[in-house]
Every structure is written in C-alpha cells, then in structure tokens.
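Participant:
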Amino acid sequence: MSSTICSRTALITANVFQNCLSRSYASRSYHTNILRRLIATPIEWYISDIDFDLAFTLRELYKLDVNSQESNSVCQEVRKNLRNCRITSYVLEESQHYAINFYDALRLACAVEECVDYIVTWEPTSFVRNPHERRALEQQGFFDLTLDSEDADTSMHLPKTIGVFPPNRFWSHLQNQTSREQPSRMTSCYIHFESLSLQLGGGSFSQADIILRDQTGHRIKGGERGSTPCGATLKALDQAIDRCLHLPQRELINFSIPPIIGGPDALVEVSLNIECAGQLFPASARHNSVYHACAEAYINAINEIAEAFHFG
Numbered sequence: 686m687s688s689t690i691c692s693r694t695a696l697i698t699a700n701v702f703q704n705c706l707s708r709s710y711a712s713r714s715y716h717t718n719i720l721r722r723l724i725a726t727p728i729e730w731y732i733s734d735i736d737f738d739l740a741f742t743l744r745e746l747y748k749l750d751v752n753s754q755e756s757n758s759v760c761q762e763v764r765k766n767l768r769n770c771r772i773t774s775y776v777l778e779e780s781q782h783y784a785i786n787f788y789d790a791l792r793l794a795c796a797v798e799e800c801v802d803y804i805v806t807w808e809p810t811s812f813v814r815n816p817h818e819r820r821a822l823e824q825q826g827f828f829d830l831t832l833d834s835e836d837a838d839t840s841m842h843l844p845k846t847i848g849v850f851p852p853n854r855f856w857s858h859l860q861n862q863t864s865r866e867q868p869s870r871m872t873s874c875y876i877h878f879e880s881l882s883l884q885l886g887g888g889s890f891s892q893a894d895i896i897l898r899d900q901t902g903h904r905i906k907g908g909e910r911g912s913t914p915c916g917a918t919l920k921a922l923d924q925a926i927d928r929c930l931h932l933p934q935r936e937l938i939n940f941s942i943p944p945i946i947g948g949p950d951a952l953v954e955v956s957l958n959i960e961c962a963g964q965l966f967p968a969s970a971r972h973n974s975v976y977h978a979c980a981e982a983y984i985n986a987i988n989e990i991a992e993a994f995h996f997g
C-alpha cells in the first residue's frame, strides 16, 4: 500500500450512507459522526454504480430522507467527492472469480478495476473468502484481502492487497498511520491512568476503584458500583475525571473487543467512541486485562476531548 495518506484510495459501500438514515437518534448520530470524520480524511473515494443507486438514487426516488438536516448534509457532502465505478463487461467477468455474494463480488471487482487500497463497509464479513480472513476479521476487526493481479506493462502476476474495514476501525487505522508518519504530533496528556481495582459482587454488582494522576502528578481517586465490571469502571473514571477536568457533556456511544482472544495471557484491544459537543472521539488501548484496556482507552479519548476543547 502507499506510504502516504494523500495517495490512498477506498471503495465505500451503500450501507455506510444507509445507516445515517436510522430513525434512532443515537444510531443516526453515531453513524453520521463517523461518516463526517471519514470525509475529512484525504482519501480518494470510489463507489460502485450499484451502491450509488442504493445510497442516493433510490433514496431520492422514494423520499427516504430522515428529518435530520445534519445527516442529509453530510451524505450530500460525501456525494460530491465520489468517483463512480461502472459495472462494465470486465467487472462482470472479474466478479465470477470471487466465491462470495454476487453483488459483493461486483463490488470487489470494482475495487480491483480501480486499484483501490481499501474497501469500507459496515458488513466486512460479506467479503470474507476463507477461514484465514475470517480469523483475522474476528481478531482485529478488519482483514487484508490478497488477490493475484497482472501488471499491465510487464504482464507479471503480482499480489494485490486490499484492506477491508468497517468505518469506525478504518478511521482509527488512518489515525494510527498518521501517528506513525508524523510522530511529532502528540495529544497533550491531561490525565494519566494509574491503577484499577475491581471487586466482583457475585453477579449482582461490581465495585471499581481507580486512581488517576493529573499533569502536576496529583492523584485523583474514584470509586463506584455498577451492574457490570465495565459499567462500574466507567462510572469510577467519570467520577475522578469530573473532579479534575471541566469538560462538555459527553456520552459513551459504544465500545468493542475482539470476539476471539488468542489465549489467557493475550493482549486485548478495546476500541470505543465518545460523543462530545457533536463530535466523535474514538480511542483504543491494549492490555491483558480487558477492564484495564477499557479504562486506558476511555482516558485516551478524554485526553483527546480535553485537547480539542482546551479544557483543564
């Protein structure tokens, strides 16, 4: 793949836009915020004819817009910068080589035709072709799809890799790439996560006690009960955070862990998204304790929020 973000290309599927039509405010807001972040990245976006019709043509024909100016405007902003991939005879022929759903095979053939680096879709499992790719998706939340391609100039057969990502993981992936390429840019660390102690209450409740440190080294403690260990941990974190930072109202939209973990001592990556003042702040962390990783990811997102709004 290319070494700089500016030269990267991605094929986007219709469900990335369709999820912005949700009748649920929380779901619509979550998906719209992620789409807004995607269009802010210097990616050259492609879409198949089929997905363009599903995302826009049918939407207008049947008047499917939800009563949300925000969602509609973000989708239309993306539309202006999309490059259409035609379903040509080559694409139809190429699609026959992929043992996946017919329409997803057409999408994959379009991606091959346009030589894109990524496919961005809320249904990455639709592009899985073998157990190896399925395991990678289950463990990482995305996978690399390797194809045999022919160089037009030399006729040599070379491997072509296309990363298949859900939108939330794709944005995080680009942020990680940017951090590696531009190591000088670092988010200010307003608070540090120091420790977590959990007491499990036999299924009825959990008690979490945490310790944070602020920029001066001062220790801030928090302790809360919750119906789950993660719930108690997040409540304790919020209690301590509110004692040292004055932030706008925020809400944890979601968090996720891989469905398969590589052993009892394996590192677990927790990814989460916090919405604050109409913006989405994704973060992740790795630790051999899922609760510790959850706490670190939450603090990473809080530091991003504090940096964005200059709160201390």
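Going letter by letter, the sequence shown gives residues 686 to 997 in this note's numbering.
Every residue, glycine too, gets a C-beta built ideally from N, C-alpha and C.
Pick helix, strand or coil for S880, following the three-state DSSP scheme.
Facilitator: strand
Participant: Is T726 helix, strand or coil by DSSP?
Facilitator: coil
Participant: Starting from C961 and walking both ways along the beta strand (DSSP E), at which residues does that stretch end?
Facilitator: 953-961
Participant: At which residues does the alpha helix (DSSP H) containing Y983 begin and terminate?
Facilitator: Note, Y983: alpha helix (DSSP H), 975-994.
Participant: Say whether chain B places a C-beta atom closer than 8 Å to the C-beta of S714.
Facilitator: Structure shown: chain B not included; a single protein chain is present.
Participant: Which residue wins for smallest C-alpha separation from S974, given the options L883, R768, E909, F850?
Facilitator: L883
Participant: Residues in its own chain within less than 8 Å of E798 by CB, not counting five upstream and five downstream?
Facilitator: C770, T773, Y775, V776, E779
Participant: On a Cα-Cα basis, can you pick out the residue from I942, L957, I728, L922 that is closest to A951?
Facilitator: Shortest Cα-Cα distance from A951 to any of I942, L957, I728, L922 involves I942.
Participant: Just tell me which of S756, W856, F827 has its CA closest to the CA of I847.
Facilitator: F827
Participant: Whose C-alpha, out of E981, E989, F940, is nearest the C-alpha of C961?
Facilitator: E989
Participant: So, helix, strand or coil for C770, using DSSP?
Facilitator: strand
Participant: What does the alpha-carbon distance come out to for the pair L767 and Y731?
Facilitator: 5 Å
Participant: Roughly how many angstroms lie between the CA atoms of V763 and A993, to the nearest whole one?
Facilitator: The alpha-carbon atoms of V763 and A993 are separated by roughly 24 Å.
Participant: Give me the Cβ distance between A699 and A740, rounded to the nearest whole Å; I'm assuming they're in contact under 8 Å.
Facilitator: 4 Å
Participant: Could you tell me which residues DSSP puts in a beta bridge with F966?
Facilitator: I959
Participant: Measuring straight from C-alpha to C-alpha, what distance separates G902 and C874?
Facilitator: 12 Å
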